[in-house]
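Everything on this sheet refers to the single structure shown next.
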Amino acid sequence: MWSEGSKALMRTAALRAGLIRTANSDALTIILEPEAAALHALDKQAPPLVAEAARA
Numbered sequence: 380m381w382s383e384g385s386k387a388l389m390r391t392a393a394l395r396a397g398l399i400r401t402a403n404s405d406a407l408t409i410i411l412e413p414e415a416a417a418l419h420a421l422d423k424q425a426p427p428l429v430a431e432a433a434r435a
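Just so we're aligned: the sequence shown equals residues 380 to 435 in our numbering.
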């Protein structure tokens, strides 16, 4: 679990690296790796191999 201090350090590093424009930017969300993997998998989910109409 990320402590508030760890989140602040990561946010400062992202700001200094130019990844975000302000320290309180909504463009950066700090989450745990399993959550990030799940969100990535959902976002990149392949389309079904069989069309919905063909299943009926």
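Every residue gets a Cβ at the ideal spot worked out from N, C-alpha and C, and that includes glycine. Quantities reported herein were computed from a predicted structural model and do not represent experimental measurements.
- The stretch 386 to 398 makes no contact with the stretch 412 to 419: fewer than 3 CB pairs, one atom from each, lie closer than 8 Å.
- DSSP places Leu411 in the coil class of the three-state scheme, outside both helix and strand.
- Within the same chain, Ile409 come within 7 Å of Met389 by CB-CB distance, once the 5 residues on both sides are set aside.
- DSSP places Gly384 in the uninterrupted alpha helix (DSSP H) bounded by Glu383 to Arg395.
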